[in-house]
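**Q**
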Amino acid sequence: MIKPLRFTRKSLGIPYAVFLVFFVIIPMLVIVFYAFTDKNNHISFVNFINFFSDPTKLSTIVYSLVIALITTAVCLVIAYPVAYILARSKMKQKYVILMLFITPMWINFVLRVNAIRELLNWIGLLGEANYLNTIIGMVYDFLPFMILPLYTTLLKIDESLYEASADLGGNSFTTFTRVTIPLSMPGIMSGITMVFLPSMTNYVVSDMLGNSKVTIIGKFIETYFGSDWHMGSMIALILLIVVFVSTLLSGGFKSEDNVRGTNL
Amino acid sequence: MIKKCLKAFYIGLILLLLYAPILLLAVYSFNSVNTIGTWGSFSFTHYIKLFTDEAILEMIGNTVVLAVSAAILSTILGTAGAMGIYYSRKKAKTLMNGANQIPIINAEIVTALALAITFVAVGLEKSFFTLLMGHMVICTPFVVLSVMPKLKQMDNSLYEAALDLGASPAKALFKVVLPQIVPGIVSGFMLAITLSLDDYIITSYTKPSTFNTISTYVYNATTKGNAHTAVTLSSFWALTTIIFVIILAVVLFANITGLKNKKKEAHE
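Same order as they appear, the protein sequences are chains A and B. Quick note on my numbering: the first sequence kicks off at 1 and runs consecutively. Quick note on my numbering: the second sequence kicks off at 265 and runs consecutively.
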């Protein structure tokens, strides 16, 4: 006897499961396949070996890492005081001010980069300081990614802990280093990953502001897309592993820290 | 007192820096000449150009059509998906949740490259369909993430009650479950729209070569400049200003209605 097809609630997930298999899982496997095959589609480690033995490739990676590190550090230094001041403020409209920091994020990303490009052009930096411009652009574009997670963790710190620290004789500096910073560590880690990853991979900023002379890892993958899928896939795979390890280390993606999800 | 002023000064300074590029464009979008820094006279030239240039109008239309269709499809797929995941057994749940996280965590360039290579490998030519699928890959996981908490907050006994009162499972889902998760669906939809409107990398890898969105058009105009560039670039100032004003209005509106709703809740 054939069972009649019956509607169950979990069958609602089938279309999405099929979609995930075809457009997420299989493409990832395709990347792995191309990364570990040579031009004749034979299994090989040639891309892996070539990647780690080519000094120009490695130096591109190092440059990209340095740009991302500087961007992340500058964002942290600028964002921490902003988040701290807003989180501890007793002002009623502090949420509106926080929103003002996030509002520019809703303008189309490329238009936003174009805006800072015009500003840099106006003050005469465009085409003169490609690396500096790239970093300025990245800090400008990714700053809200740092502010929001810091703000949410700092807001959760119990006010009485600051008082306790003061009662026990801690001055404001020790309170800051021994109470505030350790307790806001989850926010710091989450902000760092949310800024560090796009600064390694989002090549729109480096192309538009760096006069196409600054190559970050994302751009590096793109340059191989036309010529050598195997090497392109290998770099993408390495990036994939780095991204997943760092996400695991920072405790996974938290949707409350998603800059775009906050307002509506 | 000094400390307070210093704090306000710092917040103000960072906000000023954040808005400086946009304000600069907004001011010079009303300039009669094409150069920032030299003021000719007040004029709407750049706005007129924006609304009469066919290529620009087409790419704006493309962007909106793509965002709306990607958002609608992602919302349907993601809402059904979230319900499916929520009612699945533990193993299927973990698997689906894990796969759902991949496009969120992954660098966009990796997702884009993987999709583009797969499309070529299976002989699928780039078309509006591939572009739409690309956008759905980045939008749907966020819809799932915004619907899921609403499912968890829901009172499960209402569904059982509907069944006891004779409703079919499908009817119970539509009449009892769906209304309870509407806020999550709406925020998922809005999120999908903004993600699609904002995207450059996925778009550039999955679109047909003749199709342009705001992102790809502006990127190409600035990095691969041609003779029309100077004229085109100044109409982007007008476009940026218009989008900024719309967003500001939406944010203010959302905040005001949000405050009113909160007050209402407090009274009830």
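All C-beta atoms, glycine included, are put in the ideal place defined by N, C-alpha and C.
Identify every residue that forms a DSSP beta bridge with A:T37.
**A** On the first sequence, position 37 is the one that residue 37 of chain A refers to. Paired residue(s): A:I43.
**Q** Can you check whether the CB of A:L197 is closer than 8 Å to the CB of A:V243?
**A** If you number the first sequence from 1, residue 243 of chain A lands on position 243. If you number the first sequence from 1, residue 197 of chain A lands on position 197. A contact, by the Cβ cut-off of 8 Å.
**Q** Short check: CB of B:G345 to CB of B:V408, under 8 Å?
**A** Counting from 1 along the second sequence, the entry for residue 345 of chain B is found at position 81. Counting from 1 along the second sequence, the entry for residue 408 of chain B is found at position 144. Yes.
**Q** With a 10 Å radius around its C-beta and 16 neighbouring C-beta atoms as the bar for buried, classify B:G276 as buried or exposed.
**A** The sequence position of residue 276 of chain B within the second sequence is 12, counting from 1. The residue is exposed, with fewer than 16 neighbouring Cβ atoms inside 10 Å.
**Q** Measure the alpha-carbon distance for B:P405 versus B:I324 and round it to whole angstroms.
**A** Working through the second sequence from its first residue, we reach residue 405 of chain B at position 141. Working through the second sequence from its first residue, we reach residue 324 of chain B at position 60. Taking the straight line joining both Cα atoms gives about 25 Å.
**Q** Taking three-plus beta-carbon pairs below 8 Å as touching, is the stretch 98-110 of chain A in contact with the stretch 232-242 of chain A?
**A** No: fewer than three Cβ pairs fall under 8 Å.
**Q** Determine the closest residue to B:I278 out of A:P144, A:S89 and A:V204, with distance taken between C-alpha atoms.
**A** Indexing the second sequence from 1 puts residue 278 of chain B at position 14. Closest by alpha carbon: A:P144.
**Q** For a cutoff of 8 Å on Cβ pairs, would you count B:E424 as touching chain A?
**A** Residue mapping note: residue 424 of chain B aligns to position 160 of the second sequence, counting from 1. No, B:E424 lies away from the interface with chain A (no Cβ there is under 8 Å from its Cβ).
**Q** Measuring alpha carbon to alpha carbon, tell me which of B:F294, B:T394, B:A290 and B:L337 ends up nearest B:I449.
**A** The residue labelled residue 449 of chain B in the question sits at position 185 within the second sequence. It is B:L337 whose Cα lies nearest to the Cα of B:I449.
**Q** Please list, in chain order, the chain A residues whose beta carbon lies closer than 7 Å to that of B:D462.
**A** Here the question's residue 462 of chain B lines up with position 198 in the second sequence. Residues of chain A passing the Cβ test: N108 and F109.
**Q** Distance, Cα to Cα, A:T37 vs A:I238?
**A** Numbered from 1 along the first sequence, position 37 holds the residue referred to as residue 37 of chain A. Numbered from 1 along the first sequence, position 238 holds the residue referred to as residue 238 of chain A. Spanning the two alpha carbons is a distance of roughly 15 Å.
**Q** Among the residues of its own chain, which have a CB less than 7 Å from the CB of B:T477, if the five just before and after it don't count?
**A** Within the second sequence, the letter at position 213 stands for residue 477 of chain B. Closer than 7 Å at Cβ, skipping near neighbours: M323, N326, T327, L330 and T467.
**Q** Return no unless some Cβ of chain A is closer than 8 Å to the Cβ of B:A491.
**A** Here residue 491 of chain B refers to the residue found at position 227 when the second sequence is read from its first residue. Any reading at B:A491 is ruled out, since the residue's pLDDT is 47, under 50, leaving its predicted position unreliable.
**Q** Should A:K90 be flagged as near chain B, meaning a C-beta pair shorter than 8 Å?
**A** Counted from its first residue, the first sequence places residue 90 of chain A at position 90. A:K90 does not count as touching chain B.
**Q** How long is the line joining the alpha carbons of A:P27 and A:F33, rounded to whole angstroms?
**A** To locate residue 27 of chain A, count along the first sequence from 1; it is residue 27. To locate residue 33 of chain A, count along the first sequence from 1; it is residue 33. Answer to the nearest angstrom: the Cα atoms are 10 Å apart.
**Q** What whole-angstrom Cβ distance do A:P281 and B:L282 have, given they're in contact under 8 Å?
**A** The question about residue 281 of chain A has no answer, for chain A in this structure spans 1 to 264.
**Q** Would B:K271 pass as an interface residue toward chain A - the criterion being a Cβ-Cβ separation below 8 Å?
**A** On the second sequence, residue 271 of chain B is found 7 positions in, with the first residue counted as 1. Interface residue, yes.
**Q** B:M323 touches chain A at which residues, Cβ-Cβ below 7 Å?
**A** Here residue 323 of chain B is taken as the residue at index 59 of the second sequence, counted from 1. Simply none; closest approach about 11 Å.
**Q** Is the stretch 128-148 of chain A touching the stretch 201-211 of chain A in the sense that three or more CB pairs, one from each, lie closer than 8 Å?
**A** Short answer: they touch.
**Q** For the alpha helix (DSSP H) that contains B:Y292, what are its first and last residues?
**A** The residue you call residue 292 of chain B lines up with position 28 of the second sequence. Counting along the chain, the alpha helix (DSSP H) containing B:Y292 begins and ends at I266 to Y292.
**Q** Considering only C-alpha positions, which residue in the set B:I312, B:S293 and B:K313 is nearest to B:S305?
**A** Here residue 305 of chain B corresponds to residue number 41 of the second sequence, with the count starting at 1. Cα-wise, what sits closest to B:S305 is B:S293.
**Q** Classify B:I241: buried if its beta carbon has 16 or more other beta carbons within 10 angstroms, exposed otherwise.
**A** Given that chain B is displayed from residue 265 to residue 532, the structure contains no residue 241 of chain B and the question cannot be resolved.
**Q** Identify the continuous alpha helix (DSSP H) that holds A:K156 and give its terminal residues.
**A** The sequence position of residue 156 of chain A within the first sequence is 156, counting from 1. N130 to K156 is the span of the alpha helix (DSSP H), which, as asked, contains A:K156.
**Q** For a contact meaning CB atoms closer than 7 Å, what does B:F508 contact in chain A?
**A** Along the second sequence, read from residue 1 onward, the residue named residue 508 of chain B stands at position 244. Residues of chain A passing the Cβ test: I107.
**Q** Could you name the residues of the same chain whose beta carbon sits closer than 6 Å to that of B:A290, not counting the 5 residues immediately before and after it, in chain order?
**A** Counted from its first residue, the second sequence places residue 290 of chain B at position 26. Excluding residues within five positions, the ones whose Cβ falls inside 6 Å are T505.
**Q** Is there a Cβ from chain A that is less than 8 Å from the Cβ of B:L396?
**A** Sequence index remark: in the second sequence, residue 396 of chain B carries index 132 (1-based). No, its Cβ sits nowhere closer than 8 Å to a Cβ of chain A.
**Q** Determine the closest residue to B:G398 out of B:P413, B:M412, B:V411 and B:I381, with distance taken between C-alpha atoms.
**A** Here residue 398 of chain B corresponds to residue number 134 of the second sequence, with the count starting at 1. Comparing Cα-Cα distances from B:G398 to each of B:P413, B:M412, B:V411 and B:I381, the minimum goes to B:I381.
**Q** Taking the CB atoms as reference points, tell me whether B:S352 and A:K10 lie closer together than 8 Å.
**A** The residue you call residue 352 of chain B lines up with position 88 of the second sequence. The residue you call residue 10 of chain A lines up with position 10 of the first sequence. Against a cut-off of 8 Å, the Cβ pair of A:K10 and B:S352 comes out as a contact.
**Q** Taking Cβ positions only, does B:N361 come closer than 8 Å to chain A?
**A** Start at 1 with the first residue of the second sequence, and residue 361 of chain B comes out as number 97. So, not an interface residue.
**Q** Examine chain B for any beta-carbon lying closer than 8 Å to the beta-carbon of A:T247, and answer yes or no.
**A** Working through the first sequence from its first residue, we reach residue 247 of chain A at position 247. Taking Cβ atoms only, chain B reaches closer than 8 Å to A:T247, which makes this a yes.
**Q** Over what stretch of residues does the alpha helix (DSSP H) that includes A:A115 continue unbroken?
**A** Here residue 115 of chain A refers to the residue found at position 115 when the first sequence is read from its first residue. Segment F109 to W122, the alpha helix (DSSP H) holding A:A115.
**Q** Compute the Euclidean distance between the alpha carbons of B:I373 and A:S160, then round it to the nearest angstrom.
**A** Your numbering for residue 373 of chain B matches position 109 in the second sequence. Your numbering for residue 160 of chain A matches position 160 in the first sequence. Approximately 45 Å between the Cα atoms of the pair.
**Q** Between B:A485, B:V509 and B:W501, which has its C-alpha nearest B:A319's C-alpha?
**A** Reading the second sequence from its first residue, position 55 is the one you call residue 319 of chain B. Comparing Cα-Cα distances from B:A319 to each of B:A485, B:V509 and B:W501, the minimum goes to B:A485.
**Q** In chain order, what residues of the same chain have a beta carbon less than 8 Å from the beta carbon of A:A79, not counting five sequence neighbours either side?
**A** Here residue 79 of chain A corresponds to residue number 79 of the first sequence, with the count starting at 1. Cβ neighbours of A:A79 beyond the five flanking positions: L143, M146, I147, L150 and G191.
**Q** Is B:F438 helix, strand or coil by DSSP?
**A** Taking the second sequence and counting its residues from 1, one reaches residue 438 of chain B at position 174. B:F438: helix per DSSP, three-state reduction.
**Q** Using a C-beta to C-beta distance shorter than 7 Å, which residues of chain B count as neighbours of A:K10?
**A** Working through the first sequence from its first residue, we reach residue 10 of chain A at position 10. Neighbours of A:K10 on chain B, chain order: G348, Y351 and S352.
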